[in-house]
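A.B. asks:
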Ligand SMILES: [Mg+2]
């Protein structure tokens with residue numbers, strides 16, 4: 005089938021707090037074809053990324069044939085090359101991710117197949133999910149047995165906050181639960197060492213994004229110093245080329261590519277293959293959303309999917325209709341064609 009139109013849209017989100025992270029600046033990409041089939045994708049990069057898709061990628065995509073996964077990979081390589089002078093990472097690749105996911109959705113719908121079946125043989129029925137957020141009581145009620153809480157370093161007292169939050173989470177979830185901490189680049193080399201000592205009684209599975217993601221050598225050293233706690237990260241890295249540097253420096257003990265940012269399913273497959281060949285577990289950032297979940301169930305990804313349930317009484321925009329929901333701590337994609345979701349037109 006031939007691409008006849010491409011459009012990126014920044015949704016009209018309602019529940020926005022003053023932070024770009026509320027919706028991770030996510031965009032919707034729609035690809036239309038001469039067969040009447042429409043593919044939908046989810047990318048990052050906000051309004052700047054919308055411009056990249058609509059003012060650059062669109063003209064390169066018009067008239068292109070998409071009939072198999074090789075066509076998608078060739079298209080990925082073409083867009084990556086075309087955006088290389090201003091791209092390689094960041095907004096251009098976040099835009100490319102949205103296009104790539106729309107093409108996988110398109111092909112799935114054309115072949116009446118879920119995307120996971122286009123990727124490979126499904127090897128996980130359902131995926132253990134972990135709840136990221138602050139409402140551990142609610143996550144426990146929902147049946148989660150794995151949880152990640154945020155911790156931002158602001159002062160000396162924050163050691164106590166980390167210890168009390170970890171202690172509370174252990175009390176609620178029990179000794180067998182997986183417990184992780186995301187510091188969103190707010191710790192330092194020394195803080196990470198101090199935390200590994202202060203938190204040693206809580207059996208923390210990983211520390212995530214402890215320092216600037218470009219500090220690869222520092223993270224590599226930390227891996228040995230804080231073991232068996234894993235140094236995790238990668239949501240701010242892009243494509244297999246970026247992950248080659250993480251691999252070369254042995255910077256991370258668990259990789260977390262965001263499939264809507266790192267280059268889509270096409271990059272995700274390449275990154276997971278690289279991680280697998282090195283014995284590094286890969287657990288995509290926000291892997292409980294369909295974009296990551298389809299990759300997880302049909303690849304060598306870890307059996308672990310991140311979900312962000314928010315808080316019990318919180319409002320949220322449901323941009324995708326038909327997203328699977330975790331039940332008793334497990335989540336599975338539907339068997340519907342493509343990614344199996346429709347966009348909520350009211351937010352466009
Ligand atoms: Mg994170």
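Residue numbers (our numbering): 5 to 352.
Think of the CB as a built atom: it goes at the ideal place given N, C-alpha and C, for glycine as much as any other residue.
Bear in mind the structure is a predicted one, so any value in this text is a computation, not a measurement.
Can you grab the Cα-Cα spacing for the pair residue 121 / residue 143, in whole Å?
C.D. replies: 31 angstroms
A.B. asks: Identify, in the order they occur along the chain, each residue of the same chain with its Cβ nearer than 7 angstroms to the Cβ of residue 251, setting aside the five sequence neighbours on each side.
C.D. replies: 278 and 282
A.B. asks: What is the rounded straight-line gap between the Cα of residue 163 and the Cα of residue 202?
C.D. replies: 7 angstroms
A.B. asks: Examine the Cβ distances between the stretch 134 to 141 and the stretch 86 to 95 and report whether three or more of them are shorter than 8 angstroms.
C.D. replies: The count of Cβ pairs closer than 8 angstroms, one atom from the stretch 134 to 141 and one from the stretch 86 to 95, stays below three, leaving the stretches out of contact.
A.B. asks: Going by alpha carbons, who is nearest to residue 342 out of 123, 105, 119 and 174?
C.D. replies: Nearest option by C-alpha distance: 119.
A.B. asks: Is residue 244 near ligand 1, with its Cβ less than 7 angstroms from a heavy atom?
C.D. replies: In this structure, residue 244 has its CB at a distance of at least 7 angstroms from all heavy atoms of ligand 1.
A.B. asks: Can you list, in chain order, the stretches of the beta strand (DSSP E) that have 3 or more residues and sit fully within the stretch 184 to 269?
C.D. replies: 210 to 212 and 234 to 237
A.B. asks: Between residue 146 and chain C, is the shortest Cβ-Cβ distance under 8 angstroms, so that the two count as touching?
C.D. replies: Among the chains of the structure shown, chain C does not appear; only one protein chain is present.
A.B. asks: Using only the heavy atoms of ligand 1, determine whether one of them is closer than 7 angstroms to the beta carbon of residue 239.
C.D. replies: Yes - ligand 1 has a heavy atom lying nearer than 7 angstroms to the Cβ of residue 239.
A.B. asks: Let's test the definition: count the other Cβ atoms within 10 Å of the Cβ of residue 171 and tell me whether it reaches 16, buried, or not, exposed.
C.D. replies: exposed
A.B. asks: With the cut-off set at 8 angstroms, would you say residue 5 and residue 76 are in Cβ contact?
C.D. replies: no
A.B. asks: Tell me, to the nearest whole angstrom, how far the beta carbon of residue 269 is from that of residue 65; I am working on the premise that it is less than 8 angstroms.
C.D. replies: Taking the Cβ atoms as the reference, residue 269 lies roughly 17 angstroms from residue 65, outside the contact range of under 8 angstroms.
A.B. asks: Does at least one heavy atom of ligand 1 sit under 7 angstroms from the Cβ of residue 151?
C.D. replies: no
A.B. asks: Hey, would you say residue 152 sits closer than 8 angstroms to residue 169, going by beta carbons?
C.D. replies: no
A.B. asks: DSSP on residue 343, reduced to helix/strand/coil?
C.D. replies: coil
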